[in-house]
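>
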Amino acid sequence: MRAKSWTKAVLAACLLALVCSPAWAQKIKIAVAAPLTGPAASYGENIKSGVETKVEEINAAGGINGVPVEVAYFDELCEPREAAVVAPRIVGDKDIVGVVGHVCSSAHLAALPTYVRMGMPVISPTATNVTISQQNKDNQGRVWSFRNVYLDDYQGYFLANYVKDVLGLERIAVFYENNDYGIGLKNAFVAEAKNVGLAIVGEEGYVKGATDFAPQLTRLRGGNPDGLFISGYYNEGALIAAQAGNLGMNVVKFGADGLDNVDYINLGGDAANNTYMTVPFLAEAAPEQAQDFIKKFEEKYQRDLDWMSANAYDAAGKFAAAVAAVGTDRTAIRDYLAGINSPENAYIGITGATYFSEIGDPEKGAFVKMVKDGAFSAAPKQMQ
Amino acid sequence: MLEQQLINGLTLGLIYALIAVGYTMVYGVIQLINFAHGEIYMLGAFFCVTFITAAGMPFYVAILMAIICCMLCGILLDIIAYRPLRKAPRLAALITAIGMSIFLQNVALIIWGSRSRPFPQGALPPFFREKALVMGDISLTWLQLFIFAVAIIMMLGLYLTINKTRIGTAMRALAQNKTAASLMGINVNYVISFTFALGSAMGAVAGILVSVYYNTLYPTMGYTAGVKAFAAAVLGGIGSVPGAMVGGVVLGVAEALGAGYVSSLYRDGVAYAVMIAVIIFRPSGILGRSVVDKA
Chain G
1 MRAKSWTKAV LAACLLALVC SPAWAQKIKI AVAAPLTGPA ASYGENIKSG VETKVEEINA
61 AGGINGVPVE VAYFDELCEP REAAVVAPRI VGDKDIVGVV GHVCSSAHLA ALPTYVRMGM
121 PVISPTATNV TISQQNKDNQ GRVWSFRNVY LDDYQGYFLA NYVKDVLGLE RIAVFYENND
181 YGIGLKNAFV AEAKNVGLAI VGEEGYVKGA TDFAPQLTRL RGGNPDGLFI SGYYNEGALI
241 AAQAGNLGMN VVKFGADGLD NVDYINLGGD AANNTYMTVP FLAEAAPEQA QDFIKKFEEK
301 YQRDLDWMSA NAYDAAGKFA AAVAAVGTDR TAIRDYLAGI NSPENAYIGI TGATYFSEIG
361 DPEKGAFVKM VKDGAFSAAP KQMQ
Chain R
385 MLEQQLINGL TLGLIYALIA VGYTMVYGVI QLINFAHGEI YMLGAFFCVT FITAAGMPFY
445 VAILMAIICC MLCGILLDII AYRPLRKAPR LAALITAIGM SIFLQNVALI IWGSRSRPFP
505 QGALPPFFRE KALVMGDISL TWLQLFIFAV AIIMMLGLYL TINKTRIGTA MRALAQNKTA
565 ASLMGINVNY VISFTFALGS AMGAVAGILV SVYYNTLYPT MGYTAGVKAF AAAVLGGIGS
625 VPGAMVGGVV LGVAEALGAG YVSSLYRDGV AYAVMIAVII FRPSGILGRS VVDKA
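Protein chains in written order, with our numbering: chain G, 1 to 384; chain R, 385 to 679.
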């Protein structure tokens with residue numbers, strides 16, 4: 001009897017040693033939380049190709065301190081419901097050092113509480129909603145969710161100034177998607193429009209997935225606008241542009257990063273022409289260090305580099321830099337990211353120098369691109 | 385603005401009506417709400433686009449081929465999923481219908497992918513996008529006129545088929561009493577197959593018109609359209625073909641006016657509120673006959 005319990009204790013000790021295997025054996029995984037299927041799948045595609053390219057580069061150079069990096073993909077369809085389901089799964093995987101994602105602001109907001117509570121560093125390359133940085137701190141005041149993209153209030157502010165000063169518009173009709181992204185962007189635009197003296201001649205909303213916009217557009221048309229602000233995403237945006245054309249509204253269309261997808265042109269047809277949109281990154285205006293990547297990307301994926309891929313590439317790069325410097329401990333990685341807080345210790349990536357404010361938001365400018373003759377091009381006049 | 389909103393609503397409503405007749409005919413004949421009907425509508429659009437892009441067919445030929453394929457799908461749907469359950473409780477068939485809807489939607493997702501795709505514009509007659517009428521506030525494209533014309537012709541044809549042909553008479557007989565109809569020498573399964581084919585043809589046309597009108601099609605498009613059309617069928621009186629037509633137009637116009645005058649975010653809410661109001665005061669729908677439930 002005595003001998004038996006003695007062997008048991010040895011066995012238990014062995015088991016314990018196995019479970020708590022030392023740090024050097026650990027894998028390094030970066031999670032990508034994005035819509036990989038569903039209507040927003042092309043966003044996920046962009047994030048995937050950005051992260052994939054970065055990780056391949058790292059592994060080709062021998063990994064981080066000799067350990068190869070893996071990417072774990074989590075599909076959340078850009079839906080808050082799904083995002084809240086994948087977040088605990090990501091946190092539960094002990095090998096994951098950080099999350100690149102989420103893509104959509106509403107999905108990011110839904111997953112955020114889990115990351116903050118369980119201590120998982122996150123960098124969103126695309127979520128632009130303002131309220132994210134009000135909810136990203138744990139009870140010790142530590143920021144867990146960073147982003148390397150500008151905010152909606154900045155896009156809205158920038159757009160109001162751009163359409164007034166550069167495009168010379170005066171009467172704006174606002175058509176927004178009824179979700180965190182669309183409303184936040186619209187509110188910022190409307191507030192700044194009042195400051196710069198733009199007249200808002202109508203505000204209408206729509207729900208995601210709608211296909212018929214004629215009633216709302218008819219109402220907006222009544223205000224006699226010379227510009228139509230589409231505060232939403234490309235799928236609905238393209239239909240809005242086309243249906244506005246059918247109703248005889250030949251006005252300048254403009255929007256933010258959500259419109260920036262080649263499907264906007266495919267679905268919108270001729271009506272997509274004469275649309276302006278703000279983007280966080282424009283290959284034509286990219287810094288020196290990006291040129292090599294742009295060439296490689298275009299060769300590999302046979303398409304133009306989009307801003308989402310560029311931001312995702314940099315987000316993955318920040319995690320790689322953090323792991324190389326402080327190892328795989330999540331809290332240490334968070335502290336490292338929080339330390340990127342001034343122009344002097346900024347992260348220099350292909351989208352320029354990025355550093356985070358106290359609340360995890362970056363200081364980054366916007367660029368403007370437009371649809372001309374059925375293709376994207378840089379707008380003739382930028383504004384910085 | 386009112387005139388334009390009426391035109392917007394009418395375009396939408398006629399399309400709802402085309403789908404709604406498919407629900408109502410099947411319900412009239414076998415008392416089944418065929419929830420997979422929305423998927424037939426989606427398949428119509430995808431077949432048409434596939435015939436144009438992959439087989440290079442001209443637009444009108446592709447429409448015809450898509451209609452034929454959808455009719456076959458409708459008949460197959462009945463034979464595979466519903467015929468074995470003809471004697472089973474109605475609930476079993478209803479659940480099967482929901483299952484078939486999910487199944488077909490996912491098959492389409494696998495075959496065609498999840499992204500919205502545009503309707504190949506090159507295949508369309510060029511006059512579609514031109515304005516037929518610009519008068520003051522009203523703007524009407526040839527495409528909208530085409531939708532009006534096709535929808536009205538299809539529904540007239542359907543009306544004549546049901547009321548003036550032998551097979552139409554058989555359908556009405558079946559709707560009244562299945563046992564008596566079969567005693568009179570009517571081939572029940574043949575008539576049911578014909579009903580499914582007819583409804584599917586209407587659904588396919590609606591799917592094609594919608595994908596041309598909005599220049600977009602995606603595998604989940606059948607769901608919302610199906611729910612709306614079902615609501616239209618109930619509004620008009622389920623089982624009544626003229627009722628489904630009226631119900632579709634009423635729902636479409638209510639939606640457009642709701643979005644135009646009440647609140648753009650509650651357009652669906654307004655449409656359903658109209659439906660609920662009608663059902664409260666006329667439980668059998670606008671043109672439905674109140675019948676004593678046999679069960």
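Backbone N, C-alpha and C fix where the C-beta goes; we use that ideal spot for every residue, glycine too. Just so we're clear, the structure is a prediction, and the values are computed from it rather than from any experiment.
Only counting the same chain, and skipping five residues up and downstream in sequence, which positions put a Cβ closer than 7 Å to that of VAL630(R)?
GLY620, ILE670, LEU671
> Relative to chain R, which residues along the segment 225-256 of chain G have a C-beta separation below 7 Å, given in chain order?
ASN235, LEU239, ALA242, ASN246, LEU247, GLY248
> Check TRP24(G) in the structure and name its three-state DSSP category.
Because the pLDDT of TRP24(G) is 48, which lies under 50, any placement of that residue in the model is unreliable, and the number read from its coordinates should be weighed accordingly. Residue state, collapsed to three classes: helix.
> Got a sec: is the Cβ-Cβ distance from SER500(R) to anything in chain G below 7 Å?
yes
> On the three-state DSSP scale, how would you describe ASP263(G)?
ASP263(G) falls in the helix class under three-state DSSP.
> Which of the three DSSP states, helix, strand or coil, is assigned to TYR233(G)?
coil
> Check the Cβ-Cβ distances between LEU396(R) and every residue of chain G, and say whether any is below 7 Å.
yes
> Select from the segment 472-499 of chain R all residues with a C-beta closer than 7 Å to any C-beta belonging to chain G, and list them in chain order.
SER498, ARG499
> Would SER595(R) count as contacting chain G if we go by Cβ distances under 7 Å?
no
> Taking the Cβ atom as the reference point for each residue, do GLY371(G) and THR278(G) lie within a distance shorter than 7 Å?
One detail in the question is off: residue 371(G) reads as Val in this sequence, not Gly. No, Cβ-Cβ distance for VAL371(G) and THR278(G) is not below 7 Å.
> Let me see if you follow: with CB-CB separation under 7 Å, is GLU204(G) close to chain R or not?
yes
> From the DSSP secondary-structure annotation, give me the bridge partner or partners of VAL368(G).
Bridge partners of VAL368(G): THR278(G).
> Please report the distance separating the alpha-carbon of GLY205(G) from that of TYR176(G).
5 Å
> Find the residues of chain G that neighbour TYR602(R), judging by a C-beta separation of less than 9 Å, and give them in chain order.
PRO39, ASN235
> May I ask you to list the residues that DSSP assigns as paired with ASP226(G)?
Partner(s): none; ASP226(G) has no beta bridge.
> Just to confirm the assignment, what range does the beta strand (DSSP E) spanning TYR176(G) have?
Secondary structure note for TYR176(G): its beta strand (DSSP E) is the uninterrupted segment 171-177.
> Work out the CA separation of PRO504(R) and LEU396(R) for me, nearest whole Å.
21 Å
> List the residues that DSSP assigns as beta-bridge partners of ASP180(G).
According to DSSP, which records beta bridges pairwise, ASP180(G) is partnered with nothing at all.
> Answer with yes or no whether the minimum CB distance from GLN388(R) to chain G is below 7 Å.
yes
> Give me the Cα-Cα distance between VAL97(G) and LEU267(G), rounded to the nearest whole angstrom.
39 Å
> Are MET605(R) and MET449(R) close, meaning C-beta to C-beta below 7 Å?
no
> Mind checking which residues open and close the beta strand (DSSP E) that includes ASP75(G)?
Unbroken beta strand (DSSP E) run through ASP75(G): 69-75.
> With a CB to CB cut of under 6 Å and the five nearest residues on each side skipped, what residues in its chain are close to LEU390(R)?
none
> Under 7 Å, Cβ to Cβ, is there at least one residue of chain R near ALA375(G)?
no
> Rounded to the nearest angstrom, what separates PRO502(R) and ALA438(R) at their Cα positions?
14 Å
> Closest to VAL252(G) by CA distance: which of TYR234(G), PRO225(G), VAL149(G) is it?
PRO225(G)
> Identify whether MET1(G) lies in helix, strand or coil by the three-state DSSP scheme.
Because the pLDDT of MET1(G) is 46, which lies under 50, any placement of that residue in the model is unreliable, and the number read from its coordinates should be weighed accordingly. In the structure shown, MET1(G) sits in coil (DSSP, three-state: anything other than H, G, I, E or B).
> When you compare each of MET120(G), ARG89(G), TYR162(G), ASP180(G) to LEU107(G) by their alpha carbons, which one comes out closest?
According to the sequence displayed, residue 107(G) carries Ala and not Leu. Out of MET120(G), ARG89(G), TYR162(G), ASP180(G), ASP180(G) has the C-alpha closest to the C-alpha of ALA107(G).
> Rounding to the nearest angstrom, what Cα-Cα distance links VAL634(R) and MET568(R) in this structure?
Roughly 38 Å between the two C-alpha positions.
> Which residues, in chain order, does the segment 638-660 of chain R contribute to contact with chain G at a C-beta distance below 7 Å?
ALA640, ALA643, GLY644, SER648, LEU649, ARG651
> With a threshold of 7 Å between beta-carbons, can SER584(R) be considered close to chain G, or not?
no
> Of the choices SER624(R), LEU475(R), ILE592(R), whose alpha-carbon is the least far from that of ALA609(R)?
Checking every option, the nearest Cα to that of ALA609(R) belongs to ILE592(R).
> Strictly below 9 Å CB to CB, what residues from chain G border GLN415(R)?
Chain G residues near GLN415(R): none, gap ~31 Å exceeds 9 Å.
> Here's a check: name, in chain order, each residue in its chain whose Cβ is nearer than 7 Å to the Cβ of ILE200(G), leaving out the five neighbours to either side.
ILE172, VAL174, VAL190, ALA193
> Alpha carbon to alpha carbon, how far is ALA533(R) from ASN246(G)? Give it in angstroms, no decimals.
18 Å
> Against chain G, does GLN560(R) count as a neighbour if the rule is that its beta carbon must be under 7 Å from one of theirs?
no
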